[in-house]
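Heads up, the thing below is written out as structure tokens.
In the UniProt record's numbering, the protein residues as written are 1 to 174.
This is the structure we're talking about:
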């Protein structure tokens, strides 16, 4: 985790992450405020980062041009392929300074560090419950909205979490 210093003078007011440049800090802070400025022309989704929109747009075409040489799985970006390849090699370059646990991706380390610090930077506007990650907040918000985005192709039943859909799909196998 980066520490505030003279070399990294700009600190996120939400999570404390430090940056060399103010513009990078401001761009980062949009992930906390959920300020979405890049909109997909093919659906109603919007994104904080242009690169995320570009990657999302590939989902409409189904194109996954970056292929893993070990398992053949395709990815929307070269960066995602490189992250995936660490699972095959077991390489975990990101280490916790509190307990020495290692991670394949820096974002996993960032979330893990919050267990040690107690930081929960993502808060539900409906009930004020706070979460370690944006994904966990989004999953929680479905309890308020009733959204069930994961649909079973066999029976049409909807689920709030992909894991619950996978468990349900096993009932159709027998």
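Note that beta-carbon positions come from the ideal geometry of N, C-alpha and C, so glycine has one too.
Per DSSP, the bridge partner or partners of residue 158: 151
Does DSSP put residue 120 in a helix, a strand or coil? coil
Taking the beta carbon of residue 43 as the centre, do at least 16 other beta carbons fall within 10 Å, making it buried, or is it exposed? Per the 10 Å Cβ criterion, exposed.
Check the C-beta distance from residue 160 over to residue 139 and give it rounded, since I have them as a contact under 8 Å. For residue 160 against residue 139, the beta-carbon gap comes to about 7 Å, under 8 Å, which counts as contact.
Cβ distance (whole Å) where residue 20 is taken to contact residue 11 below 8 Å: With 8 Å as the limit, residue 20 and residue 11 do not qualify as a contact, their Cβ atoms being about 11 Å apart.
Assign residue 15 to buried or exposed, taking buried as 16 or more other Cβ atoms, counted over all protein chains shown, within 10 Å of its Cβ. buried
8 Å Cβ cutoff, residue 151 in contact with chain B: The chain inventory of the structure shown lacks chain B, comprising one protein chain alone.
Are residue 58 and residue 76 touching if we call contact CB-CB under 8 Å? A contact, by the Cβ cut-off of 8 Å.
Within its chain, find whatever has a CB closer than 8 Å to the CB of residue 105; leave out the 5 residues flanking it on each side and keep chain order. 83, 86, 94
Beta carbon of residue 17, beta carbon of residue 28: below 8 Å? For residue 17 and residue 28, yes; Cβs fall inside 8 Å.
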